[in-house]
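Residue numbers -16 to -1, 1 to 394, in mature numbering (1 follows the signal peptide of the UniProt record, and there is no 0), belong to the letters of the sequence shown in order.
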Amino acid sequence: MRTRLILLGLLACVHSLVRVPLRRVAAVRGRLRAASQLEEFLREHQPDAFSRRYAQCFPAAQHYLHTGGRATERLYNYMDAQFFGQISLGKPEQNFTVVFDTGSSDLWVPSSYCVSQACAAHHKFKAFESSTYAHDGRVFGIHYGSGHLLGVMAREELKVGSVRVQNQVIGEAVYEPSFSFVLAHFDGVLGLGFPQLAEELGSPVFDSMMAQHLLDEPVFSFYLKNGDSGFGGELLFGGVDETRFVPPITWAPVTQKGYWQIRLDGVKVQGALSFCYRSNHGCQAVVDTGTSLIGGPARDIMILQQFLGATPTAGGEYLLDCARIRSLPVVSFLIGGVEFSLTGEQYVRRETLNNKEICFSGFQSTDVPSPAGAVWILGDVFLSQFYSVYDRGHSRVGLAPLAGAPQLAA
Ligand SMILES: *[C@@H]1O[C@H](CO)[C@@H](O)[C@H](O)[C@H]1NC(C)=O
């Protein structure tokens, strides 16, 4: 009897820290480039080509789509998404590969009723096979840079890592317009942003975990590993993994709940304050695992690319001479009184094309209008160099150097 109680106690502990391994795979963009299809793709899939072409076909849907404002400024660029993990839905379990995205707050997967080309290439959720499925009846639309995603809402049992979330609101996508979804290695998205950002009404996954007392602490953390395809790191629900980073953690309060948005005090290039320092307010940064590069205001990014000696391509990317990477300036982000610095080796993306290595700048312009000032987006290029902690209890973001990495300047 006693042994059994102790065992139950141990099991409860196991559940309070939930590990989700992440896989790293080549981004769609690189694969299109390797197949010499990138330029054609970019021509054919201008951000609003979809709306222009298909808007009249879905008059009823327009009603559900947010127009203007936040929804049309989605931060992600799925073509570059690289870090994925597994979840399962329903009983018996149906598995899906998702992007764990701190830049959105919805969970959706393709529905078995979806006939889009993108859905055909992915795992589709079969509601009729699940005994835990509950119909919701509401319709949702999510506007992405590359088009609209339409679907119906439901409630289902979600399993992520070792934890089971009951009665989770999910979106079943019945229409996925974007061609980038066809090639994507993931089936859907699991948003980890604040509920204020959700387009599906109801509780986002992490809010459900908190409400159902599935975790010790209302905290999750990301360890993203830079390197070759394969093991891509770990998402940890319920706390931090002290073996992954060097303390102390630098905490920055969330300035606006929605995205994981914090204050950025300045951006230095080779030690000289260069951007985002003029006003007393500094500017804002969004910590976003669903964006691959580091984004910033177009004007600043253009100057930064010039500092780096990067040259623009027709596809809007910036090329760098691979031989010069070692001599590129260090770019530092000032957050909470600490400099988070990236060397050229760390912010350049390398791709192999026809056995030749090509190098791209890890910075891109993303103009996100915000009442709080200019917004920078700290995507995976940044997050794969620092351990990141998302604390809903204190509404703050924590950053710390990875274990084994050089120390930060204070
Ligand atoms: C789902 O994934 C789990 C863990 O990887 C695996 O054990 C299980 O067989 C998978 N289920 C199906 C239906 O593929």
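Glycine is no exception: its CB is placed at the ideal position from the N, C-alpha and C atoms.
query	result
Round the Cβ separation of tryptophan 235 and glycine 320 to the nearest angstrom and send it over; I've been treating them as touching at under 8 Å.	6 Å
Where do the N-terminal and C-terminal ends of the beta strand (DSSP E) with phenylalanine 190 fall, by residue?	Counting along the chain, phenylalanine 190 falls outside any beta strand (DSSP E), though it belongs to the alpha helix (DSSP H) covering 189 to 195.
Going along the chain, which residues of its own chain have a beta-carbon closer than 6 Å to the beta-carbon of arginine 122, five neighbours each way excluded?	Met137
DSSP on arginine 7, reduced to helix/strand/coil?	strand
Let me check one thing: in DSSP terms, what residues is tyrosine 374 bridge-paired to?	Phe204 and Val381
Taking the C-alpha atoms as reference points, what is the distance between phenylalanine 112 and cysteine 98?	14 Å
Can you grab the Cα-Cα spacing for the pair glutamate 226 / valine 4, in whole Å?	16 Å
Taking 9 Å as the threshold (C-beta atoms), are glycine 222 and glutamate 91 in contact?	In the sequence as displayed, the identity of residue 91 is leucine instead of glutamate. Cβ distance not < 9 Å, so leucine 91 and glycine 222 don't count as in contact.
Quick check on the DSSP output: the beta strand (DSSP E) that includes alanine 111 runs from which residue to which?	Careful: alanine 111 lies outside any beta strand (DSSP E) and carries neither H nor E.
Are there three or more Cβ pairs, one per stretch, closer than 8 Å when the region 330 to 349 is compared with the region 296 to 312?	yes
Between the Cα of glutamate 218 and those of Asn79, Val224 and Tyr207, spot the shortest distance and give me the residue it belongs to.	Tyr207
Helix, strand or coil: which one does DSSP assign to isoleucine 285?	helix
Which residue wins for smallest C-alpha separation from glutamate 201, given the options Asp375, Ala256, Ser146 and Gly388?	Asp375
Considering only residues of the same chain and omitting the five flanking positions on each side of alanine 387, which have a CB-CB separation below 7 Å?	Thr227, Arg228, Phe229 and Val230
My output table needs one value for proline 231: the three-state DSSP class, helix, strand or coil.	coil
Any idea if serine 95 is buried or exposed, counting beta-carbon neighbours within 10 angstroms, 16 or more meaning buried?	buried
Between isoleucine 278 and phenylalanine 347, what straight-line distance do the alpha-carbon atoms span, to the nearest angstrom?	5 Å
Going by other Cβ atoms of all chains shown within 10 Å of its Cβ, with 16 needed for buried, is serine 311 buried or exposed?	exposed
CA-CA distance, lysine 110 and isoleucine 361?	36 Å
Less than 9 Å between the beta carbons of glycine 186 and valine 149, yes or no?	no
Can you tell me which residues form a DSSP beta bridge with serine 325?	Ser316
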